[in-house]
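S.K.: In our numbering, the protein residues as written are 47 to 93.
All C-beta atoms in this analysis are idealised placements derived from N, C-alpha and C, irrespective of residue type, glycine included.
Small disclaimer: the values here were computed from a predicted structure and weren't measured.
For reference, the structure I am asking about is given below.
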């Protein structure tokens, strides 16, 4: 069972992924497509 602190940390990370990172990725894709592709490759490509 997760402790309250673990649950809060997981919730913060999920919120950042859903809100802040989505916005950051959109900005990156529009303004720096090469860097966006590099990020996408690092995050999305299976090993």
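Which two residues bound the contiguous alpha helix (DSSP H) that contains residue 57?
M.R.: Segment 50 to 62, the alpha helix (DSSP H) holding residue 57.
S.K.: If you draw a straight line from the C-alpha of residue 48 to the C-alpha of residue 78, how long is it?
M.R.: When rounded, the distance between both Cα atoms is 39 angstroms.
S.K.: Kindly indicate the opening and closing residues of the alpha helix (DSSP H) around residue 80.
M.R.: Segment 79 to 90, the alpha helix (DSSP H) holding residue 80.
S.K.: Taking just the CA atoms, how far does residue 59 sit from residue 87?
M.R.: Answer to the nearest angstrom: the Cα atoms are 21 angstroms apart.
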